[in-house]
């Protein structure tokens with residue numbers, strides 16, 4: 001499905017000014033204490049409590065349901081506004097911590113969870129990724145974060161996230177990533193400062209899709225700082241086999257050696 005341009009996506013649903021009337025159509029609402037949109041606007045910006053999102057009139061039943069997990073209310077509101085321009089997804093809830101996210105996911109069974117990794121209280125985002133994947137509904141998980149260190153990307157792959165999108169992307173790219181995810185396609189947009197110029201590194205879009213189950217298992221141990229010998233004992237593999245796997249995994253994550261998994265690029 002075509003995605004609106006970034007500028008059009010933002011222009012088609014302006015945030016509005018709470019309490020300000022816009023023409024005769026809003027006069028009645030103003031006289032009666034404001035519109036539902038005003039209440040939703042104030043709640044979105046001033047409260048971190050988990051909330052559900054009213055479905056717009058006329059929205060189709062075929063839209064994919066999205067749960068937003070974001071630490072900062074102003075960011076969750078902005079993301080919600082961007083997603084409201086899509087004809088293929090609709091936001092069913094917004095949460096800011098582990099417990100409320102799981103609660104809303106169990107209640108509304110979203111198709112996709114769009115989540116930040118940095119949450120205000122433990123457990124943190126990677127634990128939430130695992131918890132979402134363990135739910136009976138098992139939604140797809142799209143990480144949406146500013147943390148694009150190789151270690152974080154590797155951890156995300158290891159816990160089974162479906163896509164990884166850096167917060168530097170424009171609004172239209174976020175919509176595109178979500179729509180790709182609902183179609184079962186992975187997206188790995190890691191930001192311009194990720195990795196190095198090594199031509200052998202995998203393209204970011206290929207990271208999750210190209211990694212086998214065994215390679216993800218190896219990667220999970222690598223990010224726990226297992227040595228090759230320890231991985232060999234843990235998985236009952238020959239040391240040379242492990243060495244070959246490690247080389248392949250690091251190449252697919254886009255780093256030259258395991259040390260780069262634990263250092264910020266640049």
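In full-length UniProt numbering, the protein residues as written are 1 to 266. The beta carbon of each residue, even a glycine, is placed where N, CA and C say it ideally should be.
Excluding residues up to 5 positions away in sequence, 167 lie with their Cβ nearer than 6 Å to the Cβ of residue 146 in the same chain.
In its chain, beyond the 5 residues on either side, 148, 166, 168 have a beta carbon closer than 6 Å to the beta carbon of residue 191. The segment 129-138 and the segment 87-94 do not touch, with fewer than 3 CB-CB distances between them shorter than 8 Å. By the neighbour-count definition (other C-beta atoms within 10 Å, threshold 16), residue 74 is an exposed residue. In the structure shown, residue 223 adopts coil according to DSSP, grouped into three states. When DSSP reads this structure, residue 166 sits in a beta bridge with 145. With 16 or more neighbouring CB atoms inside 10 Å of its own CB, residue 163 falls in the buried class. Residue environment analysis places residue 228 among the buried positions, since at least 16 neighbouring C-beta atoms fall within 10 angstroms of its C-beta.
The C-beta distance from residue 64 to residue 182 rounds to 4 Å, short enough to meet the 8 Å contact threshold. Going by DSSP, residue 67 is part of no alpha helix (DSSP H) but of the beta strand (DSSP E) stretching over 64-69. DSSP, read as helix, strand or coil, puts residue 124 in coil. Secondary structure of residue 84 (DSSP, three-state): coil. The DSSP-derived three-state label of residue 238 is coil. Here DSSP, grouped into helix, strand and coil, assigns residue 161 to coil.
Residue 131 is not bridged by DSSP to any residue. Remark: C-beta atoms of residue 239 and residue 232 approach each other more closely than 9 Å.
Contact annotation, residue 103 with residue 71: C-beta distance approximately 17 Å; criterion of less than 8 Å not satisfied. The C-beta of residue 107 has fewer than 16 other C-beta atoms within 10 Å across all chains shown, which makes the residue exposed. Residue environment for residue 230: exposed (fewer than 16 other C-beta atoms within 10 angstroms of its C-beta).
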